[in-house]
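Read through the structure below, which is laid out as structure tokens, and then see the notes.
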Amino acid sequence: MRDRSAEYGTADCIVLGASFDTPEENKEFAENESFPFRLLADPDRQVGKAYGVARPDDDPAAGYANRFSFLIDREGVIRRVYEVTDTAGHADAVLEDLEELRAA
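Under our numbering, the first residue of the sequence shown carries the number 1, and numbering increases by one thereafter.
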């Protein structure tokens with residue numbers, strides 16, 4: 001998605017990232033990776049739990065989120081949920097779905 005960020009800018013959408021890291025860690029990541037999107041910090045994992053992407057508390061990998069994306073419309077309705085397993089194809093799928101939703 002980062003490499004196609006210009007296309008999202010013309011797609012009439014806002015892209016936000018979220019992680020279980022602190023704001024400071026997110027800032028460092030964004031700077032080191034030239035990440036163009038805003039990142040939300042969720043170190044207490046409450047947002048991740050609300051969206052169902054946080055691993056169980058007793059999981060040894062509980063501090064790491066499963067990789068999901070959500071396409072949410074202007075009314076706050078989740079229109080698509082993507083489990084991100086193929087990062088290369090993910091940007092294509094989201095851009096195609098954005099176009100489809102705009103045309104509806």
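We put the CB at the ideal spot given by N, CA and C, even for glycine.
| request: Could you say which of GLY63, PHE29 and ARG102 lies nearest to ARG79 if we only look at CA atoms? | output: Counting from one through the sequence shown, the residue named residue 79 turns up at place 79. When only C-alpha atoms are compared, the closest one is ARG102.
Which residue's Cα is closest to the Cα of GLU33: VAL84, LEU71 and MET1? The residue labelled residue 33 in the question sits at position 33 within the sequence shown. That would be MET1, whose Cα lies nearest to the Cα of GLU33.
Fill in: Sheet register partners of GLU83 (DSSP bridge)
Sequence index remark: in the sequence shown, residue 83 carries index 83 (1-based). Looking at the DSSP assignment, GLU83 forms a beta bridge with PHE68.
_Alpha carbon of ASP21 to alpha carbon of LYS49, nearest angstrom_ = Counting from 1 along the sequence shown, the entry for residue 21 is found at position 21. Counting from 1 along the sequence shown, the entry for residue 49 is found at position 49. Spanning the two alpha carbons is a distance of roughly 14 Å.
Q.
At the level of alpha carbons, what is the spacing between ARG74 and ASP42?
A. The residue labelled residue 74 in the question sits at position 74 within the sequence shown. The residue labelled residue 42 in the question sits at position 42 within the sequence shown. Taking the straight line joining both Cα atoms gives about 22 Å.
**OP:** Consult DSSP for ARG102 and reduce its assignment to one of helix, strand or coil.
**Re:** Position 102 of the sequence shown holds residue 102. Secondary structure of ARG102 (DSSP, three-state): helix.
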